[in-house]
Every structure is written in structure tokens, then in C-alpha cells.
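Using my numbering, the first residue of the sequence shown is number 1, and each one after it goes up by one. Worksheet: one structure, shown below.
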Amino acid sequence: YGQSKLAQILFAKDLAEELDGTGVLSVSLHPATLMGTGMVLDRGIEPRATVEEGLEAVLQLVQADGLRNGQYFRGLEPVDPNAQAMDAEARAKLRALSRELTGAP
Numbered sequence: 001y002g003q004s005k006l007a008q009i010l011f012a013k014d015l016a017e018e019l020d021g022t023g024v025l026s027v028s029l030h031p032a033t034l035m036g037t038g039m040v041l042d043r044g045i046e047p048r049a050t051v052e053e054g055l056e057a058v059l060q061l062v063q064a065d066g067l068r069n070g071q072y073f074r075g076l077e078p079v080d081p082n083a084q085a086m087d088a089e090a091r092a093k094l095r096a097l098s099r100e101l102t103g104a105p
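What follows is the structure, encoded as C-alpha cells:
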């Protein structure tokens with residue numbers, strides 16, 4: 001899970017740079033920790049948040065004014081991501097691998 005979340009943040013930051021100045025924003029979000037989803041419940045883990053709380057974070061971002069391109073949110077709060085997510089070389093490697101695996105130009 002941690003690797004996929006890191007990849008999402010790397011991709012969003014990379015896309016933010018690519019789209020800079022176009023009026024299209026790319027942000028990333030960790031909506032809530034251990035929401036009561038099937039993945040969590042099927043493993044017998046006690047949820048820490050509801051799916052509705054996670055949804056609220058998504059809806060807040062969709063409707064928000066004043067977002068900055070490339071921002072990362074934990075719930076409703078803008079926060080700095082892990083230092084790995086700021087690694088430009090890692091972003092470039094992810095982009096290259098994604099293009100290779102998907103055949104995208």
C-alpha cells in the first residue's frame with residue numbers, strides 16, 4: 001500500500017509540473033486511515049475512519065478554491081509529503097516505467 005501511495009504522489013507531482021500554467025491542477029490525497037472498506041474489514045482490522053470521512057475529503061478537494069498545483073493532502077489538511085515523494089529522479093523513473101508498461105508516448 002505504501003509503495004502505491006508513493007507512486008500516486010510522485011505521479012501527481014510530475015503531472016502538476018507538466019500541466020503548470022494550463023489551468024488544470026493535479027493534487028494527491030490520503031483521504032483517511034483505515035476506512036471501513038472491504039479491504040480493511042475482510043482482514044479483521046478495526047477501522048479508524050469511516051468511508052464517509054474519506055469521501056468528505058475527496059469532495060472538499062473537488063469543490064475547493066485556492067488549491068496549489070502539486071499539493072498533497074492528508075484528509076482535509078495540506079501537508080508536506082514524505083521526502084521520497086519530492087525526488088525528481090524517482091518521478092522521472094516512474095514516468096518512464098509507466099510509459100514503457102502502457103505504451104504511452
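Where is the CB? At the ideal position from N, CA and C, for every residue including glycine.
Taking the alpha helix (DSSP H) that VAL62 belongs to, which residues open and close that run? Residue numbering aside, residue 62 sits at position 62 when the sequence shown is read from its first letter. VAL62: member of the alpha helix (DSSP H) spanning 51-63, first to last residue.
Taking Cβ positions, are LEU61 and PHE73 nearer each other than 9 Å? The residue you call residue 61 lines up with position 61 of the sequence shown. The residue you call residue 73 lines up with position 73 of the sequence shown. For LEU61 and PHE73, yes; Cβs fall inside 9 Å.
With VAL106 and THR37 assumed to form a contact (beta carbons below 8 Å), what rounded beta-carbon distance in angstroms separates them? This structure cannot settle anything about residue 106, because the visible part of the chain is limited to 1 through 105.
Considering only their Cβ atoms, is the gap separating LEU29 from ASN82 smaller than 9 Å? Indexing the sequence shown from 1 puts residue 82 at position 82. Indexing the sequence shown from 1 puts residue 29 at position 29. For ASN82 and LEU29, no; Cβs fall outside 9 Å.
Taking the alpha-carbon of GLN71 as reference, which of ALA96, ILE9, LEU101 has the nearest alpha-carbon? Residue numbering aside, residue 71 sits at position 71 when the sequence shown is read from its first letter. Nearest option by C-alpha distance: ILE9.
If contact is defined by three or more beta carbon pairs under 8 Å, each pair taking one atom from either stretch, is the segment 86-103 in contact with the segment 38-49? Contact between the segment 38-49 and the segment 86-103 is absent: fewer than 3 CB-CB pairs across the two stretches fall below 8 Å.
Assigned exposure category for LEU15 - 16 Cβ within 10 Å defines buried: Numbered from its first residue, the sequence shown carries residue 15 at position 15. With 16 or more other Cβ atoms within 10 Å, it is buried.
Check whether the Cβ atoms of MET35 and GLU56 lie closer than 9 Å to each other. Translated into positions along the sequence shown, residue 35 becomes position 35. Translated into positions along the sequence shown, residue 56 becomes position 56. No, these two residues do not count as a Cβ contact at 9 Å.
Just to confirm my understanding: we take TYR75, look at its own chain, exclude 5 residues before and 5 after, and list those with CB closer than 8 Å. What are they? One-based indexing of the sequence shown puts residue 75 at position 75. The amino acid occupying residue 75 in the given sequence is Gly; Tyr does not appear at that position. Around GLY75, the same chain offers HIS30, PRO31, ALA32, GLU53, ALA57 as residues with beta carbons nearer than 8 Å, after the five sequence neighbours per side are excluded.
For VAL79, list the residues DSSP reports as bridge partners. The residue labelled residue 79 in the question sits at position 79 within the sequence shown. BP columns for VAL79 point to TYR72.
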